[in-house]
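For my numbering, count along the sequence shown from 1 and bump the result up by 75.
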Amino acid sequence: MIEIKSKETGDLLATVDAESLAGGDLREMRLNGADLRSLDLSGADLQLSDLIGADLSGANLSGALLMGARLNDANLVGANLARARLGAETASRAAMLSGADASQADLERADLRNVEIRRANLQGSNLSGADMRGTDFH
């Protein structure tokens, strides 16, 4: 059993009946402000999840499914998002990262099609091979 708590209050936000979050089914979860620092979320399905203001710094999200996830104002500093799928054919189905801090993040070969990344900090991030067609930076 894994408990996911608020980064600010320590209040319990969710429990996941698993030994690991890697490859886990976390679709449509409300994890706003969650403390997910340095966790292994590789291959996890976080589609349509609310992660506004969540702390994912140093987390491993490689290969994760994040289409439709709301990551506005999230802390993604140093996170591994290599080959993660955040993008979609239409903006309405893509992730939102407006105001997120993704500095020093690894976004190599990530799918960022039509993702909203307004006011996000991408300084020092690795975007090599990332698909950024239609990405909204304004």
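Beta carbons are placed, not taken as given, at the ideal position from N, Cα and C, and that holds for glycine.
Linking ARG208 to ALA89 through their CA atoms gives a straight-line distance of about 34 Å. Burial check for ARG158: the Cβ neighbour count within 10 Å reaches 16 or more, so the residue is buried.
Cβ contact annotation for ASN147 (same chain, cutoff 8 Å, sequence separation greater than five): ILE127, GLY128, MET171, LEU172, SER173, GLY174 and ALA175, in chain order. Taking C-beta atoms under 8 Å as the contact rule, ALA177 and LEU197 qualify, at a distance of about 5 Å.
For the pair LEU116 and LYS80, the Cα-to-Cα distance works out to about 15 Å.
Taking the CA atoms as reference points, ASN150 sits about 22 Å from ALA163.
In the structure shown, the three-state DSSP call for ALA154 is coil. In this structure, DSSP gives ARG112 a state outside helix and strand, which the three-state scheme calls coil. When rounded, the separation of the alpha-carbon atoms in ASP120 and ASP92 is 15 Å.
Just measuring C-alpha positions, the residue of THR210, ALA97, LEU202 and ASP100 sitting nearest ASN189 is THR210.
In this structure, the CA atom of LEU96 is about 8 Å from the CA atom of ILE77.
For the 8 Å CB-CB criterion, ALA134 and LEU114 form a contact. Beta-bridge analysis with DSSP links ILE79 to ALA89.
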